[in-house]
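Top line first, the protein sequences correspond to chains A and B.
The working numbering puts the first residue of the first sequence at 1, with every later residue one more than the last.
The working numbering puts the first residue of the second sequence at 1001, with every later residue one more than the last.
The structure appears below as structure tokens.
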Amino acid sequence: MKYWPLLWSNIRRKKLRTIFTLFAVTAAFALFGLLAAMQHGMNGVMQIASAERIQTNAKLGAMPISYGPKISSVQGVTAVTWFNGFRGYYQDEKNTFQVVATYPQGFLAVYPEVRLGEQARKAWFDDKPGAIAGTLIARRYGWKVGQRIPVQSQNVTKEDGTKTWYVTLDGIYNTDLPDRYKNFVMIHYQYFNDSVARNKDFVGQYIERIDDPRQAAQISQRIDDTFATSFPQTRTASEVAETQTFIREFGNIGFITLVVGAAVFFSMLLVTVNTMSQSVRERTSELAVLKALGFGRGTVSGLVLAEAVGITVIGGALGLVVAWQLARAIYKSVQQILPALGIPPLAVVLGVVLMILFGLVAGALPLRQVFRLRAADALRRA
Amino acid sequence: MSPLIWARETASVCKFSLESVRFRLQPALIAVIGFCGVVLVFIGLLSIRDGLTAVLSHTGSDDVAIVSLNGPGMVDLQTVRTIGDAPGVAHGKNGPLALGDMVTSLMVHKNAKQLAAVTLRGVGPQYQEIWNKMHVTEGRMFKPGLSEIVVGRAAAAQFPQLRLGKIFHWNHRDWKVVGTFTSGGDMHESEVWADVHDVQSAYNAGSNFSGVYVKLTSPAAFDAFSKALKSNPQLSVSVDRESTFFANESKDLNNVITIAGGLIALLMGIGAVFGALNTMYAAVSARTREIATLRALGFARSPVVLSVVIEALFLGAVGGVVGGAIGYLLFNGFKATTIGNGGMLAFQFAVTPTLLATGLIYALAMGLVGGLFPAIRAARLPIATAIRDV
């Protein structure tokens, strides 16, 4: 590192320009990180989708609870759960979250992604007014296992005319799914259904686990055929297919955003690369002097490249940090559409590769000129 | 110094600096392209939002209310009657204008490979009392009992299977397309409409409805109407104005576009400002001798500062205008689809005058920031050394 003082004085030569260039790179990579996070937010839902799950919705209206046993007896279905629920809040009307009423045994069988301790499982299964909550929501409100929690509903009324549902927290679940899925309060469907004032015995959605993902279409068809002459009729599809449809429909806009953003990112980098090259070009004669003093080609190139790569890597790393913070800040507002918003590790790797690559290009372009010039000519020019 | 002299000095320095831009064409051009790109992307992304808003804000009137159940389930005939008896409901020839409708989605082939959801709406015979903008433009209106459908203009454009005269097989029935309709450019043009009883029987729904549309005596009648339904212990319903209902439904998508578009434009703007800073510093240092000479001749600091700022603003304005013009030509009217309210929603990107103005202001702001600091440096140049130095 004996060249450090030389490198440092080059960097400080035009302090402002170096700083501006650095921040321009930061802005570019912040954009890169943000786009990567959005891309992952859109397509990351595919990783959540399980090929072993299919979902049944009513074509119109809501399905009765009596569909449950019929669905579980369909060949190929290994477990069934169902969802209903309401938008709830805790203490303050602004602290809203989703309260999901489900069939606990079925829920944990259909969603192996949800991790819950053995003891908590048992406690929840046997405790009708019991609930489990995601790690994030439990931490946010400081809930402890065993605590009795009053959950208010926004507009669903109980038989007694109130809107407060008292539940005992039997466990806190964790999962590797995106943060949105750690913010649910899960209660017994039976508890919900027994105390709700109206629309009893209805289910919003059935989710099935199947034994063979390759048979998903056939099993779905068998379920729909079961209810072909009932009301409501059902539409069953694999989670993967449903997710693909969603991505494609929404994708139109998402794709445009990504393409525009990517074009912007590269043009921002090119402008920056141009500025950096300019700063090396201005120093052509100095570099020629170095050569005349006996510095080898390798050393001179090394100095120039190290400076350029240094700027892009430091600026770029800052940019990724900015993007990470931005993604965290906007997650709440976009989680409905981009539940998996976040920068994936692969994007970080790609980002670092791009930083180094653009740094090398920014340094290498003017170097060609430097080496083409004979030291004597360069000195004369100076 | 008298204001008049000051103004004259400023004008001449500005004229001088703007004329000299052509000698510094390359860096100036890079700055302009930078601004132009930012404005272009800003306009492009936000025209998506404005286009969606245009469709949704055209949808629905203030004197129509939508009543839906809290929670799953269907609205039965008795509930429709109860709603019709509430205060504020307008009356037509056949009694109160409370219309049960049926909303579901059809899966239709967009092409050989792609299936997409389209909203199917079953409406009763009094539909024109609620949706007075709806007009059949080709073919005719459906006749009840014959499984006939009419297709919104945007839906007909998207789906070959839904063109006039086609027979569409869905839910164990053949539906015949007998007409296409317009609806003032609102979201219903992305829908398929049929007779409400045909839809009920195709889905074994008896005489149940998915929601109720109510024509009110006036927009002001909404509050009393809503209050009456909500306090009725026999009902558990939510009541919305039709004019705000659909905009609320697409709030999530709107959020994502506004936030994503805004952040992308902001980050680009920051990048472009740094580019502009470099350009303007270079401009100031290229004009060191000139500025120093002016100062030596007795020109005050402020005209010099202003000239640099105005040059940067000029570059910003050029970038903003060019970016806006390209954006308008490129994006305005661009047709796209997304999902809204359960089915396909067609819309066009809209580059509105407000958006163009915002883009221009943004470009000027970038120019201002990019020019201000170099301008201060210009003003601080020590005159004697600056003249000698260069």
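Note that the Cβ used here is the ideal one computed from N, Cα and C, for glycine as well.
Because the structure is a prediction, the values reported are computed rather than measured.
Would you mind working out which of the options sits nearest residue i, comparing C-alpha positions?
i: residue 1385/B; options: 1291/B, 1241/B and 1370/B; result: 1291/B
i: residue 1143/B; options: 1311/B, 1176/B, 1300/B and 1072/B; result: 1176/B
i: residue 141/A; options: 9/A, 94/A, 158/A and 236/A; result: 94/A
i: residue 1089/B; options: 1150/B, 1225/B and 1382/B; result: 1225/B
i: residue 156/A; options: 136/A, 2/A and 196/A; result: 196/A
i: residue 1030/B; options: 1139/B, 1318/B and 1108/B; result: 1318/B
i: residue 87/A; options: 67/A, 65/A, 186/A and 273/A; result: 186/A
i: residue 436/A; options: 112/A, 77/A, 179/A and 190/A; result: Residue 436/A lies beyond the residue range present for chain A, which begins at 1 and ends at 382; the question has no answer from this structure.
i: residue 111/A; options: 164/A, 158/A and 173/A; result: 173/A
i: residue 202/A; options: 104/A, 248/A and 83/A; result: 83/A
i: residue 36/A; options: 349/A, 367/A, 366/A and 377/A; result: 349/A
i: residue 287/A; options: 368/A, 166/A, 192/A and 160/A; result: 368/A
i: residue 1062/B; options: 1334/B, 1036/B and 1131/B; result: 1131/B
i: residue 371/A; options: 175/A, 79/A, 352/A and 283/A; result: 283/A
i: residue 1133/B; options: 1152/B, 1068/B and 1106/B; result: 1152/B
i: residue 45/A; options: 346/A, 358/A, 236/A and 342/A; result: 342/A
i: residue 1391/B; options: 1040/B, 1163/B, 1045/B and 1060/B; result: Because chain B in this structure spans residues 1001 to 1390, residue 1391/B falls outside the shown range and cannot be described.
What does the alpha-carbon distance come out to for the pair residue i and residue j?
i: residue 405/A; j: residue 1338/B; result: Lying before the first or after the last residue shown, residue 405/A is absent from chain A, which here runs from 1 to 382.
i: residue 1169/B; j: residue 1201/B; result: 15 Å
i: residue 383/A; j: residue 339/A; result: Nothing in the structure corresponds to residue 383/A, since chain A is present only between 1 and 382.
i: residue 1078/B; j: residue 139/A; result: 46 Å
i: residue 326/A; j: residue 34/A; result: 8 Å
i: residue 361/A; j: residue 330/A; result: 34 Å
i: residue 1255/B; j: residue 63/A; result: 32 Å
i: residue 233/A; j: residue 221/A; result: 12 Å
i: residue 135/A; j: residue 183/A; result: 7 Å
i: residue 1239/B; j: residue 1372/B; result: 53 Å
i: residue 216/A; j: residue 1316/B; result: 57 Å
i: residue 1003/B; j: residue 1011/B; result: 12 Å
i: residue 6/A; j: residue 306/A; result: 11 Å
i: residue 1227/B; j: residue 1094/B; result: 25 Å
i: residue 1057/B; j: residue 313/A; result: 46 Å
i: residue 365/A; j: residue 278/A; result: 10 Å
i: residue 335/A; j: residue 328/A; result: 11 Å
i: residue 1342/B; j: residue 1278/B; result: 50 Å
i: residue 104/A; j: residue 1173/B; result: 39 Å
i: residue 171/A; j: residue 224/A; result: 35 Å
i: residue 210/A; j: residue 107/A; result: 14 Å
i: residue 1253/B; j: residue 1117/B; result: 17 Å
i: residue 1283/B; j: residue 1024/B; result: 7 Å
i: residue 356/A; j: residue 1258/B; result: 32 Å
i: residue 66/A; j: residue 1250/B; result: 33 Å
Look up residue i in the DSSP assignment and give the residues it is bridged to.
i: residue 1209/B; result: 1075/B
i: residue 105/A; result: In the DSSP output, where bridge partners are listed per residue, residue 105/A has none listed.
i: residue 1089/B; result: 1216/B
i: residue 344/A; result: Note: residue 344/A sits in no beta bridge, so no partner.
i: residue 1316/B; result: The partner list for residue 1316/B (beta bridge, DSSP) is empty, contrary to what the question assumes.
i: residue 1344/B; result: 1339/B
i: residue 1374/B; result: For residue 1374/B, which the question treats as bridged, DSSP gives no partner whatsoever.
i: residue 1225/B; result: DSSP lists no partner for residue 1225/B.
Helix, strand or coil, according to DSSP, for residue i in the structure here?
i: residue 143/A; result: coil
i: residue 7/A; result: helix
i: residue 98/A; result: strand
i: residue 1102/B; result: strand
i: residue 63/A; result: strand
i: residue 337/A; result: coil
i: residue 1298/B; result: coil
i: residue 471/A; result: With chain A running from 1 to 382 in the structure shown, residue 471/A is simply not present.
i: residue 1115/B; result: strand
i: residue 205/A; result: strand
i: residue 26/A; result: helix
i: residue 194/A; result: helix
i: residue 169/A; result: strand
i: residue 1068/B; result: strand
i: residue 213/A; result: helix
i: residue 322/A; result: helix
i: residue 1358/B; result: helix
i: residue 227/A; result: coil
Taking only runs of the alpha helix (DSSP H) that begin and end inside the stretch 1138-1222 of chain B, which ones reach a length of at least 4 residues, in chain order?
-> 1153-1158 and 1196-1202
What are the uninterrupted segments assigned as alpha helix (DSSP H) that are 4 or more residues long and contained completely in the stretch 240-309 of chain A, given in chain order?
-> Those alpha helix (DSSP H) runs which fall completely within the stretch 240-309 of chain A and span 4+ residues are 284-292.
Complete runs of the alpha helix (DSSP H) confined to the stretch 1248-1310 of chain B [at least 4 residues] = 1251-1286 and 1288-1296
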